[in-house]
Amino acid sequence: MPFVNYAAKEINLKLVYYGPGLSGKTENAKWIHRKTDPERRGALLQLTTDSERTLFFDFMPLTLGTIRGFRVRVHVYTVPGQIYYAATRKLVMRSADGVVFVADSQEQRMDANVESLDNLHRDVAEHRLDLGDAYVMQYNKRDTPDALPLAELRAALNPAGWPEFAAVAVRGDGVFDTLRAVTRLAVAQLQAPRAAGQ
Ligand SMILES: Nc1nc2c(ncn2[C@@H]2O[C@H](COP(=O)(O)OP(=O)(O)OP(=O)(O)O)[C@@H](O)[C@H]2O)c(=O)[nH]1
Ligand SMILES: [Mg+2]
Numbered sequence: 003m004p005f006v007n008y009a010a011k012e013i014n015l016k017l018v019y020y021g022p023g024l025s026g027k028t029e030n031a032k033w034i035h036r037k038t039d040p041e042r043r044g045a046l047l048q049l050t051t052d053s054e055r056t057l058f059f060d061f062m063p064l065t066l067g068t069i070r071g072f073r074v075r076v077h078v079y080t081v082p083g084q085i086y087y088a089a090t091r092k093l094v095m096r097s098a099d100g101v102v103f104v105a106d107s108q109e110q111r112m113d114a115n116v117e118s119l120d121n122l123h124r125d126v127a128e129h130r131l132d133l134g135d136a137y138v139m140q141y142n143k144r145d146t147p148d149a150l151p152l153a154e155l156r157a158a159l160n161p162a163g164w165p166e167f168a169a170v171a172v173r174g175d176g177v178f179d180t181l182r183a184v185t186r187l188a189v190a191q192l193q194a195p196r197a198a199g200q
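Read in order, the letters of the sequence shown correspond to residues 3 to 200 in this note's numbering.
Below you can see the structure in the form of C-alpha cells.
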C-alpha cells in the first residue's frame with residue numbers, strides 16, 4: 003500500500019521492475035536517472051556483480067511532481083533477473099505498489115519471459131500484495147534482429163491486457179512512457195478505495 007505522509011504532504015510509492023535476466027531492467031533505471039533533473043532524484047544505487055548483473059537490487063528515489071497538493075515520491079527498484087536469485091526477487095517485491103514487467107522481445111528469451119512472469123505472480127501471491135491494476139508490460143529490445151512481433155508477445159505474455167509499451171531502453175524509447183503509466187496506476191490504487199467510500 004502506498005505510504006501517504008499527510009504532515010509532509012507526500013505520497014511514497016514503491017515501483018518494482020521485474021523480468022528475466024538481461025531483459026533491460028537496470029537499463030531502464032539508468033536511463034531514468036540520466037534524464038531526470040538532479041534536484042528531483044537521489045543517487046542510483048546499483049549492487050552488481052563484476053559483470054554488471056544486478057546482484058541484489060538497484061534503487062533510486064525520484065520526485066515526480068504533485069497530485070492534489072501531495073508530492074509524489076517514487077522509489078524505483080529493479081530485481082536481479084538471474085534464475086538463482088529467486089529469494090532476493092521475492093524480498094524486493096515486498097510492499098510493492100506497482101510493477102513493470104520488462105520482457106525481452108528476442109525469440110530465444112520467450113521461455114525465460116514466461117518463467118519470470120510465473121514467478122512474479124507467485125511472489126505477488128506469497129506476499130498477498132494487492133496491486134489492483136498497477137501492472138505495466140514493457141516489450142524491451144525492440145531493436146534486436148530477432149525481436150518477435152508485438153502481437154506474438156502480447157498473446158504469450160499479456161493475456162490480462164495490462165497497459166503495454168514497446169521499448170529500446172538503451173536509447174530511452176518507451177522508458178518514460180512506462181514509468182508514467184505505472185506511476186499513474188499506482189496512484190489510482192490509492193484513490194480507488196477512497197472514492198468507493200465517499
Ligand atoms: N540492443 C539492446 N540492448 C539492450 C536493451 N536494453 C538493455 N540492453 C542491454 O542488455 C544488457 C542487459 O541489460 P540490463 O539492464 O543490465 O539487464 P537486467 O534486466 O538488469 O539484467 P539482470 O540485472 O541480470 O536481471 C546490457 O548489455 C544492456 O545494455 C535494448 O533495448 N536493446
Ligand atoms: Mg539488473
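The C-beta atom is built at its ideal place from N, Cα and C for all residues, glycine as well. Quantities reported herein were computed from a predicted structural model and do not represent experimental measurements.
Assign residue i to one of two classes, buried (16 or more other C-beta atoms within 10 Å of its C-beta) or exposed (fewer than that).
i: P151; result: exposed
i: E166; result: buried
i: R111; result: buried
i: L17; result: buried
i: G71; result: exposed
i: Q193; result: exposed
i: Y19; result: buried
i: D125; result: buried
Sort out for me which residues DSSP pairs residue i with in a bridge.
i: K16; result: H77
i: A149; result: Q108
i: Y141; result: A105 and A168
i: T68; result: R73
For my contact list, residue i and residue j are in at a C-beta cut-off of 8 Å; report their separation, rounded to the angstrom.
i: D106; j: K143; result: 5 Å
i: Y137; j: L155; result: Going by Cβ atoms, the distance from Y137 to L155 rounds to 15 Å, so no, they are not a contact pair.
i: F59; j: Y79; result: 5 Å
i: G100; j: V6; result: Contact flag wrong, Cβ pair sits at about 15 Å.
i: I34; j: L187; result: About 17 Å separates the two Cβ atoms, so there is no contact after all.
i: V172; j: E29; result: 6 Å
i: A88; j: V116; result: In fact, because the Cβ distance is near 15 Å, the residues do not count as touching under 8 Å.
Give the secondary structure of residue i by DSSP, where H, G and I count as helix, E and B as strand, and everything else as coil.
i: R43; result: strand
i: N7; result: strand
i: T38; result: coil
i: T90; result: helix
i: T56; result: strand
i: D132; result: coil
i: L24; result: coil
i: T185; result: helix
Quick one: is the Cβ of residue i within less than 8 Å of any heavy atom of ligand 1?
i: D145; result: yes
i: V102; result: no
i: T180; result: no
i: L64; result: no
i: P4; result: no
i: M88; result: Reading the sequence as shown, one finds Ala at residue 88 and not Met. No, the Cβ of A88 stays beyond 8 Å of every heavy atom of ligand 1.
i: E1; result: As displayed, the chain neither begins before 3 nor continues past 200, which places residue 1 out of reach and without an answer.
i: K32; result: yes
i: L24; result: yes
i: L121; result: As written in the sequence, residue 121 is Asn, which differs from the Leu given in the question. Flag unset: Cβ of N121 not near ligand 1.
i: A171; result: yes
Answer yes or no: the CB of residue i versus the heavy atoms of ligand 2, is any distance below 8 Å?
i: P82; result: yes
i: T50; result: yes
i: R55; result: yes
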